[in-house]
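Colleague: Numbering (the working numbering), first residue to last: 92 to 232. Even glycine gets a Cβ: it sits at the ideal position worked out from N, Cα and C.
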């Protein structure tokens, strides 16, 4: 849990920047029915600051699974890999959608490791994405 309160004005900037979507799994707040949280990309416990360059919008699940980590071990490459940093890296450089729009696919080692660590293809989210695709709400632009 964050030690610092994110000021309302800064929170509003982050919400606008990320378009009311989780910066990691791209789940939109408006159709998930759950208010998103502001995540410290580099956790305060590891020296991260409460500044725009270190904050992003995250769903509660991605925030929970990310925990206080900035890197994870990637089984495929057998290397320790930094997690995706939404303020310093472009989402489409590391991720893409499966042809049916229900699964996130890693385009890079960072993407693949982040999908696994944050469980971005968790069963309930894949089911929701399939319904959102049918409704024309997914994938996001």
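Give the straight-line distance between the Cα atoms of residue 214 and residue 126, rounded to the nearest whole angstrom.
Modeller: Going from the Cα of residue 214 to the Cα of residue 126 covers about 20 Å.
Colleague: Would you call residue 157 buried or exposed, if buried means 16 or more other Cβ atoms sit within 10 Å of its Cβ?
Modeller: Its Cβ being crowded by 16 or more others within 10 Å, residue 157 is buried.
Colleague: Which ranges does the beta strand (DSSP E) cover as unbroken runs of at least 3 residues, wholly within the segment 118-179, from first to last along the chain?
Modeller: 128-131, 146-149, 162-165 and 170-173
Colleague: Under DSSP, the alpha helix (DSSP H) around residue 245 begins and ends at which residues?
Modeller: Nothing about residue 245 can be reported from this structure: the residues present for the chain run from 92 to 232 only.
Colleague: Suppose contacts are defined by Cβ-Cβ distances below 9 Å. Is residue 116 in contact with residue 211 by that definition?
Modeller: yes
Colleague: Shortest alpha-carbon distance to residue 124 belongs to which of 108, 227, 150 and 102?
Modeller: 150
Colleague: So the candidates are 218, 197, 203 and 193; which of them puts its Cα closest to the Cα of residue 230?
Modeller: 193
Colleague: When we look at the beta-carbon of residue 139 and count the other beta-carbons within 10 Å, is it buried (16 or more) or exposed?
Modeller: buried
Colleague: Within the continuous beta strand (DSSP E) that includes residue 196, where are the two ends?
Modeller: 195-197
Colleague: What would DSSP say about residue 223, mapped onto helix, strand or coil?
Modeller: helix
Colleague: Starting from the C-beta of residue 120, find all residues in its chain whose C-beta is less than 6 Å away, skip the five residues before and the five after it, and write them out in chain order.
Modeller: 111 and 127
Colleague: Give me the residue from 97, 201 and 182 with the minimum Cα distance to residue 161.
Modeller: Comparing Cα positions, the closest option is 201.
Colleague: Can you give the Cα-Cα distance for residue 166 and residue 191, rounded to whole angstroms?
Modeller: 26 Å
Colleague: So, under 8 Å CB-CB, residue 174 and residue 186 are touching, yes? Tell me the CB distance rounded to an integer number of Å.
Modeller: Residue 174 to residue 186, Cβ: 12 Å. No contact.
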